[in-house]
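Written out below as structure tokens is the structure these notes cover.
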Amino acid sequence: MTSTKTETFNLITLCVKAVLNVLLCIFLCPLLSIYYLYKWYERRCRTQEARRENPVAETSELDVLPTSNAPLSASTAITAPLPTLAALDRVRVHGIVSHDSTGRI
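In the UniProt record's numbering, the protein residues as written are 1 to 105.
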């Protein structure tokens, strides 16, 4: 009789844990999505504000290229704009824009 009570208790505990895990996923995933969306928006606003304050650091072809180390997908690799020689000549060194290809200011 005691083994049946123990098995029932274990089954109820397992069901409660499963329900709690599902509820955690239902509520935690949207919260994480909202958090990362907020962080992205905040970073975007700071970048736009910095570009308004510093007109020298305008958007170039290099700015639109992906900066992560993730491999490009086939569609991105085909449609991504290639930097021009003028864009390659503007080498950014610690936020200072260099106008020659040697990196000197």
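Every residue, glycine too, gets a C-beta built ideally from N, C-alpha and C. Owing to the predicted nature of the structure, the values given are computational and were not obtained by experimental measurement.
The alpha-carbon separation between residue 15 and residue 34 amounts to approximately 29 Å. Sequence-distant partners of residue 37 (beyond 5 residues in either direction) whose C-beta falls short of 6 Å from its own C-beta are missing from its chain. Distance from the CA atom of residue 39 to the CA atom of residue 20, rounded to whole angstroms, is 28 Å. The DSSP-derived three-state label of residue 21 is helix.
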